Amino acid sequence: MKKLGAAVIGTGFWGKNHTRVYGELDSTELVAVCDVNRERAKAMANQFGVKAYTSSSRMLKNEAIEVVSVCTWSTKLAKEALKALNAGKHVLVEKPMATNTKQAKKLLAVAEKNGLHLTVGFLMRFIPGLQHIREAVENKKLGELVCATAKRVSQWPERIGDVGVVKDTAIHDIDVMRYISSEDPISVYAKTGSMRHRTFEDYAQIMLTYEDGKSAFIESNWITPYKTRILTVTGSEAIMKLDYITQELWIEDAKENLQPRFPWREPLKLELQHFADCVLEKKKPVVTGVDGLKALEIAEAALRSSAKNKAIKLE
Ligand SMILES: NC(=O)c1ccc[n+]([C@@H]2O[C@H](COP(=O)([O-])OP(=O)(O)OC[C@H]3O[C@@H](n4cnc5c(N)ncnc54)[C@H](O)[C@@H]3O)[C@@H](O)[C@H]2O)c1
Numbered sequence: 005m006k007k008l009g010a011a012v013i014g015t016g017f018w019g020k021n022h023t024r025v026y027g028e029l030d031s032t033e034l035v036a037v038c039d040v041n042r043e044r045a046k047a048m049a050n051q052f053g054v055k056a057y058t059s060s061s062r063m064l065k066n067e068a069i070e071v072v073s074v075c076t077w078s079t080k081l082a083k084e085a086l087k088a089l090n091a092g093k094h095v096l097v098e099k100p101m102a103t104n105t106k107q108a109k110k111l112l113a114v115a116e117k118n119g120l121h122l123t124v125g126f127l128m129r130f131i132p133g134l135q136h137i138r139e140a141v142e143n144k145k146l147g148e149l150v151c152a153t154a155k156r157v158s159q160w161p162e163r164i165g166d167v168g169v170v171k172d173t174a175i176h177d178i179d180v181m182r183y184i185s186s187e188d189p190i191s192v193y194a195k196t197g198s199m200r201h202r203t204f205e206d207y208a209q210i211m212l213t214y215e216d217g218k219s220a221f222i223e224s225n226w227i228t229p230y231k232t233r234i235l236t237v238t239g240s241e242a243i244m245k246l247d248y249i250t251q252e253l254w255i256e257d258a259k260e261n262l263q264p265r266f267p268w269r270e271p272l273k274l275e276l277q278h279f280a281d282c283v284l285e286k287k288k289p290v291v292t293g294v295d296g297l298k299a300l301e302i303a304e305a306a307l308r309s310s311a312k313n314k315a316i317k318l319e
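Under the numbering used here, read the sequence shown as residues 5 to 319, first letter to last.
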């Protein structure tokens with residue numbers, strides 16, 4: 005089987021996992037890693053027996069590299085993803101994809117012009133229970149979709165200092181709402197604020213509304229002393245609840261409570277396997293560059309809504 009040459013830019017908390025998984029998959033072979041922090045790059049490279057770089061421009065000259073994960077600080081993602089696309093590599097860029105929609109649009113344009121895959125690290129879509137919820141919504145197993153509420157709260161991971169909780173954390177749920185409804189919301193209203201973070205918001209409550217009246221509510225913060233990541237989807241006939249951490253799923257209707265069991269799967273492994281399959285088989289990925297752009301547009305509108313204290317219509 006052909007193995008795709010893979011590289012990772014940014015080998016911090018999350019990039020380490022991308023590095024490990026590229027080494028574990030049958031369809032990829034880790035070729036090199038890059039981090040502006042020399043010690044970090046070297047430590048990872050030594051662990052996996054590959055070459056370490058501190059300059060991505062130099063690393064990207066290596067023709068053995070076909071796919072690249074960009075896992076830098078959020079404000080550097082777009083610049084590094086653009087370099088990789090310009091070097092002819094297929095790219096998985098971590099969320100939030102870019103600091104603003106202008107940068108995200110540029111990535112889409114370059115990927116399209118160069119005929120390259122561009123996907124975004126919306127990891128939740130690879131959790132089996134979420135795929136089950138999406139199918140249930142699509143097949144009306146819950147009746148009509150009425151609303152969905154997401155809670156993604158924890159203490160502030162202090163290494164994140166370059167974006168706020170909306171673009172870092174709530175963006176997962178913004179994407180989830182688009183994914184399970186297969187639809188774009190028409191307006192957003194949000195309240196955000198800061199308790200501890202000096203530069204950015206560290207809590208946000210976001211409400212999305214849809215054309216037919218259904219709605220979604222997202223609570224995310226970096227001020228709760230414990231970590232909760234839960235989605236509840238209410239339909240006219242049943243309710244589904246997913247715990248993203250344990251991957252447990254509950255279904256409740258008027259007659260019974262069910263708890264279908266899915267074996268726990270590592271979402272990142274499923275995500276990178278899918279990315280590799282899409283490149284090898286020239287398939288459209290589950291998460292497209294457009295999905296990344298749309299989630300970022302909604303996140304920006306949420307921040308504008310809070311600043312102006314009014315609902316913002318989405319185009
Ligand atoms: N999809 C998910 O579930 C998920 C989970 C965690 C983090 N993330 C995303 O992954 C990214 C990294 O997060 P993290 O928690 O690993 O942060 P981190 O600070 O631990 O790691 C970032 C690393 O990138 C390096 N870096 C920064 N700019 C660089 C550049 N231009 N070139 C090379 N290296 C560079 C830093 O030295 C650091 O080692 C963020 O965008 C974050 O949103 C996604």
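Idealized CB from N, CA, C, for every residue including glycine.
Note that the structure is predicted; figures quoted are calculated from it, not measured.
Next on the checklist: Using a Cβ-Cβ cutoff of less than 6 Å, which residues in the same chain neighbour residue 234 once the five nearest sequence positions on both sides are dropped?
Outcome noted: As a working mapping, residue 234 is identified with position 230 in the sequence shown. So the qualifying residues of the chain are 155 and 247.
Next on the checklist: Is residue 78 a contact residue of ligand 2, with contact defined as CB to any heavy atom under 6 Å?
Outcome noted: Ligand 2 is not part of this structure, which contains only ligand 1.
Next on the checklist: At a cut-off of 6 Å, would you count residue 17 as near ligand 1, judging by its Cβ distance to the nearest heavy atom?
Outcome noted: Position 13 of the sequence shown holds residue 17. For ligand 1, at least one heavy atom lies less than 6 Å from the Cβ of residue 17.
Checklist entry - What is the rounded straight-line gap between the Cα of residue 249 and the Cα of residue 131? => result Stepping through the sequence shown from its first residue, residue 249 is reached at position 245. Stepping through the sequence shown from its first residue, residue 131 is reached at position 127. Whole-angstrom Cα-Cα distance: 10 Å.
Checklist entry - How is residue 320 classed by DSSP in three states: helix, strand or coil? => result The displayed coordinates of the chain run from 5 to 319. Any statement about residue 320 would go beyond what the structure contains.
Item to check | Any non-hydrogen atom of ligand 1 within 6 Å of residue 148 CB | outcome: By one-based count along the sequence shown, residue 148 stands at place 144. No, the Cβ of residue 148 stays beyond 6 Å of every heavy atom of ligand 1.
Checklist entry - If we call anything under 7 Å between Cβ atoms a contact, is residue 95 one with residue 85? => result Here residue 95 refers to the residue found at position 91 when the sequence shown is read from its first residue. Here residue 85 refers to the residue found at position 81 when the sequence shown is read from its first residue. It is a contact, given that the beta carbons lie within the stated cut-off.
Next on the checklist: Helix, strand or coil, according to DSSP, for residue 143 in the structure here?
Outcome noted: Position 139 of the sequence shown, counting from 1, holds the residue named residue 143. Note: residue 143 maps to coil in three-state DSSP.
Item to check | ligand 1 heavy atom lying under 6 Å from the CB of residue 86 | outcome: Locating residue 86 in the sequence shown gives position 82, counting from the first residue. Not so, every heavy atom of ligand 1 lies at least 6 Å from the Cβ.
Next on the checklist: Which of the three DSSP states is assigned to residue 138 in this structure?
Outcome noted: Looking up residue 138 in the sequence shown gives position 134. If DSSP states are grouped into helix, strand and coil, residue 138 belongs with the helices.
Checklist entry - Relative to ligand 1, is the shortest distance from any of its heavy atoms to the C-beta of residue 39 smaller than 6 Å? => result By 1-based counting over the sequence shown, the position of residue 39 is 35. Yes.
Checklist entry - Given 8 Å as the limit, is there contact between the segment 31–39 and the segment 90–108, that is, 3 or more CB pairs closer than that? => result no
Next on the checklist: Using the three-state DSSP reduction, which class does residue 229 fall into: helix, strand or coil?
Outcome noted: Stepping through the sequence shown from its first residue, residue 229 is reached at position 225. Correct three-state label for residue 229: strand.
Checklist entry - What does DSSP give as the partner residues of residue 247 in its beta bridges? => result Counted from its first residue, the sequence shown places residue 247 at position 243. Its beta-bridge partners are 234 and 252.
Next on the checklist: Are there any heavy atoms of ligand 1 lying less than 6 Å away from the beta-carbon of residue 43, as far as the coordinates show?
Outcome noted: Along the sequence shown, read from residue 1 onward, the residue named residue 43 stands at position 39. No, the beta carbon of residue 43 sits no closer than 6 Å to any heavy atom of ligand 1.
Next on the checklist: When you measure from the CB of residue 304 to every non-hydrogen atom of ligand 1, does any distance come out below 6 Å?
Outcome noted: Along the sequence shown, one-based indexing puts residue 304 at 300. False, no ligand heavy atom lies under 6 Å from that Cβ.
Checklist entry - In terms of alpha-carbon separation, which member of 124, 44, 184 and 107 lies closest to residue 145? => result Residue mapping note: residue 145 aligns to position 141 of the sequence shown, counting from 1. When each option's Cα is compared against that of residue 145, the closest is 184.
Checklist entry - Would you call the CB atoms of residue 136 and residue 282 closer than 7 Å? => result Residue mapping note: residue 136 aligns to position 132 of the sequence shown, counting from 1. Residue mapping note: residue 282 aligns to position 278 of the sequence shown, counting from 1. Their beta carbons are not under 7 Å apart, which means residue 136 does not touch residue 282 by this criterion.
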